[in-house]
Amino acid sequence: GDSVTQMEGPVTLSEEAFLTINCTYTATGYPSLFWYVQYPGEGLQLLLKATKADDKGSNKGFEATYRKETTSFHLEKGSVQVSDSAVYFCALMYSSASKIIFGSGTRLSIRP
Amino acid sequence: DAGITQSPRHKVTETGTPVTLRCHQTENHRYMYWYRQDPGHGLRLIHYSYGVKDTDKGEVSDGYSVSRSKTEDFLLTLESATSSQTSVYFCAISGGDQETQYFGPGTRLLVL
Chain S
1 GDSVTQMEGP VTLSEEAFLT INCTYTATGY PSLFWYVQYP GEGLQLLLKA
51 TKADDKGSNK GFEATYRKET TSFHLEKGSV QVSDSAVYFC ALMYSSASKI
101 IFGSGTRLSI RP
Chain H
113 DAGITQSPRH KVTETGTPVT LRCHQTENHR YMYWYRQDPG HGLRLIHYSY
163 GVKDTDKGEV SDGYSVSRSK TEDFLLTLES ATSSQTSVYF CAISGGDQET
213 QYFGPGTRLL VL
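Here the protein sequences come in this chain order: S and H.
Under the working numbering, residues 1 to 112 are what the first sequence spells out, in order.
Under the working numbering, residues 113 to 224 are what the second sequence spells out, in order.
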C-alpha cells in the first residue's frame, strides 16, 4: 500500500543553519505531495505542495522537489530561524481519493 | 485562515462513556475529515465525509462513528470510550481544489 517515511527527529540546529528533512514515499499511482507544519498547540498548516514529478513547491523560504525517480520529496531551507521550530509532516494524496497519508512527523528545534 | 472550529477543545472522560466531538466550518467545503494524532504515528484518518449524509471509513475507524446532517457540521462519536482513544483529534476540510486540507485547532481527549 501507499506510505510515507520521514527522517526521525528531533532535529536540532543553530539559527541560520541549512535544513534538510528527508521524506520518501511508496505509491501505486501518481499522488500529489505535501509538507505540513504544526506549531506548538496548533493544528497543521499547509507549507507547500507539488502535484507532479519535477515540480518544486516553495513557501516562506522552504522548498521541496517532487522526485519520481528517487520517490522523494525532501524539505530544504537555506537559513533557518528560531520561529521555524515546529513539527513537519510529509504527506501524499490522490485527488480521486481525497484522503491524505501522513508521515510520522519530524520535530525541528532551532537554537538562537 | 479557514473558518474551522472544534468543540470542546479539551475533555476528560471515563472509560465506557460516550463522547461526541464537533467540527464546524464556515467555508462551505464539501469534504470534511476526522484524524487522530498520536506520538510516532503522525495523523491517521478515522472517517471522512464527501457531502451531507455521505461518509466513509478511514484506516482507524473501529470504535468511532460520524454524522453529517448539515454541510457545516461533522460530528465524531466515541460510542464507548476506551483508554486507547486518548489522543488529540483534528478536524480538516478540503480547499477548493479538493486536495489541500485545512485543519482545525484540535481537541485533546483524555479517557481515564
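Note that beta-carbon positions come from the ideal geometry of N, C-alpha and C, so glycine has one too.
Please classify residue i as buried or exposed, where buried requires at least 16 other C-beta atoms within 10 Å of its C-beta.
i	result
residue 81 of chain S	exposed
residue 223 of chain H	buried
residue 219 of chain H	buried
residue 17 of chain S	exposed
residue 120 of chain H	exposed
residue 211 of chain H	buried
residue 122 of chain H	exposed
residue 41 of chain S	exposed
Can you tell me whether DSSP reads residue i as helix, strand or coil?
i	result
residue 118 of chain H	strand
residue 54 of chain S	coil
residue 206 of chain H	strand
residue 80 of chain S	coil
residue 161 of chain H	strand
residue 32 of chain S	strand
residue 104 of chain S	coil
residue 173 of chain H	coil
residue 192 of chain H	coil
Report all residues from its chain with a CB closer than 6 Å to the CB of residue i; omit the five preceding and five following residues, and keep chain order.
i	result
residue 3 of chain S	26
residue 9 of chain S	106 and 107
residue 45 of chain S	37
residue 134 of chain H	119 and 187
residue 57 of chain S	48, 49, 50 and 64
residue 87 of chain S	38, 105 and 107
Under the DSSP definition of a beta bridge, which residues are partnered with residue i?
i	result
residue 186 of chain H	H:135
residue 123 of chain H	H:221
residue 27 of chain S	According to DSSP, which records beta bridges pairwise, residue 27 of chain S is partnered with nothing at all.
residue 59 of chain S	S:62
residue 168 of chain H	H:160
residue 68 of chain S	Looking at the DSSP assignment, residue 68 of chain S forms no beta bridge with any residue, so it has no partner.
Between which residues of its own chain and residue i is the CB-CB distance below 7 Å, once the five residues before and five after are set aside?
i	result
residue 58 of chain H	Since the first and last residues shown for chain H are 113 and 224, residue 58 of chain H lies out of range.
residue 102 of chain S	4, 89 and 91
Taking 8 Å as the threshold, find out whether the stretch 127-144 of chain H comes into contact with the stretch 190-210 of chain H through three or more Cβ pairs.
yes
Is it the case that the stretch 12-32 of chain S contacts the stretch 60-75 of chain S, given that we only count it when at least three CB pairs across the two stretches are under 8 Å?
yes
Could you say if the stretch 45-65 of chain S and the stretch 144-152 of chain H meet the contact criterion of at least three C-beta pairs nearer than 8 Å?
no
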